[in-house]
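Presented below is the structure to which this report refers.
Numbering (our numbering), first residue to last: 16 to 100.
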């Protein structure tokens with residue numbers, strides 16, 4: 016994809032590791048995408064696993080899922096807050 020400003024072509028690894036421009040992906044953006052893709056299915060599985068192991072009743076699956084989701088979002092914000100100081 017062409018850009019308005021001419022720059023030298025860089026490898027995918029170099030673009031991801033040494034991003035200098037807002038359009039370039041970073042390691043943090045890759046981790047964020049991975050977290051987004053894997054967290055919700057993992058939390059659904061964990062919520063059902065707790066029910067299957069008789070840790071709580073069937074009606075508690077959604078509150079457990081919500082707790083896992085809210086807790087993970089809070090943890091992600093805490094990590095971003097500390098990492099960007």
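Ideal placement from N, C-alpha and C gives every residue a C-beta, glycine not left out.
Inter-residue distance for residue 69 and residue 85 is about 23 Å (C-alpha atoms, whole angstroms). Under the 8 Å Cβ criterion, the stretch 62-80 does not count as touching the stretch 43-50, having fewer than three qualifying pairs.
In the structure shown, residue 53 adopts helical secondary structure according to DSSP, grouped into three states. Non-local beta-carbon contacts of residue 57 in its own chain, meaning distances under 6 Å to residues more than five positions away in sequence, are absent. C-alpha of residue 81 to C-alpha of residue 26: approximately 40 Å in a straight line. Excluding residues up to 5 positions away in sequence, nothing lies with its Cβ nearer than 6 Å to the Cβ of residue 23 in the same chain.
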